[in-house]
Amino acid sequence: MPEYTNAFELLMDAELRADGLGESRGILVVEGPDDKRVFARHVRDHAQILPAGGRKLLISAHQKANAEQRGKIIFVTDCDYEVRRGALAGAPDLIITTLTDMESDLLTLGLLETLVLDLVPRALESRSSSRQIVSRLRSDAEAIALPLGRLRMAAQPLGVPLHLEDLKLARYWNTNTRSTDLGKLIRAMHTKVADEIGASEWLKLVEQTPRDSGMCHGKDLVRALSFLLRENYRVEVTAESLARMMRSALTSEALETWDVIRRIRAWQVANQRYVLGV
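Residue 5 is where the sequence shown starts when you use the working numbering, and the numbers rise one by one after that.
So, in structure tokens, the structure goes:
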């Protein structure tokens, strides 16, 4: 996949591809390779999807695009917590995920039910069993991911990575109460940001973050599901494998219920340039 050093290189490549593919074809710019994989089976031509190599470059390219380029190129990016902060707003040609990222959006499309049927033998006993397992997994995954999402948002203005992907979830998850020890997490993560902020100020930052389930980051949800499947159902499956399974389970029918797709289709109609479809 191409690597771009600046926004102008990305825009030039996208525009050249659009012109080369014909007047009816558009270009979809996404953040990275995994985002391309989400859309790859649902576009007219794989060459129409360009991974920007990161969110910063994607946003920069969108800001620098002229009116003609915006009629040929559509950008899709993760919301993360920028919209809540008022630091990012969508546009007809800048599509932002409804929740924090692609994975969290995909989990709202009924894909967890498909994964559970494939992975948990007990789910095959009855429709009721399957629904109960899905409901508990979803609830517990959110109970793990929500505190992590709040920590992510609190740390953003500090510019210090928390590396939550390395966190040992079992240290903070209470299987009896089915809850995460937020206080313990806050203290542990303060060691990562201690050079930037004191313990009491860090606690205040976390406490000021929203507490709704929309704060759950998709990558944390997928990691939590991997952990819970192992702990509760003795199913060994990595977070990376779960993410791949989700992308593979994304049928055309499920795709059409995704608000991101609705907005892409609106851009297609407005510009008579098409990305989706056979």
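Virtual Cβ for every residue (Gly too), placed ideally from N, Cα, C.
Just so we're clear, the structure is a prediction, and the values are computed from it rather than from any experiment.
query                                                                                                                                            : result
Considering just the uninterrupted stretch of the alpha helix (DSSP H) at V226, what are its terminal residues?                                  : 222-237
Please return the same chain residues whose Cβ sits closer than 7 Å to the Cβ of S230, not counting the five positions on each side in sequence. : V241, T242, A243, L246
Just to confirm, are Q52 and R74 a CB contact at a threshold of 8 Å?                                                                             : no
What are the boundary residues of the beta strand (DSSP E) that includes D81?                                                                    : Going by the sequence as given, residue 81 is Thr instead of Asp. Start and end: 77-81.
Alpha carbon to alpha carbon, how far is V210 from L155? Give it in angstroms, no decimals.                                                      : 6 Å
List the whole-angstrom C-beta distance separating L162 from V197, where the pair is believed to meet the contact cut-off of C-beta under 8 Å.   : 5 Å
With 16 other CB atoms within 10 Å as the buried threshold, where does P125 fall?                                                                : exposed
Thinking C-alpha only, which one of L61, R45, A22, P37 is nearest E13?                                                                           : L61
Tell me the DSSP secondary structure of W262 in three-state form.                                                                                : coil
Using 8 Å as the Cβ pair cut-off and three pairs as the minimum, do the region 181-200 and the region 257-269 touch?                             : no
Can you round the beta-carbon distance between S134 and E117 to whole angstroms, since I take them to be within the 8 Å contact cut?             : 7 Å
Between the region 100-108 and the region 212-225, can you find at least three pairs of beta-carbon atoms closer than 8 Å?                       : yes
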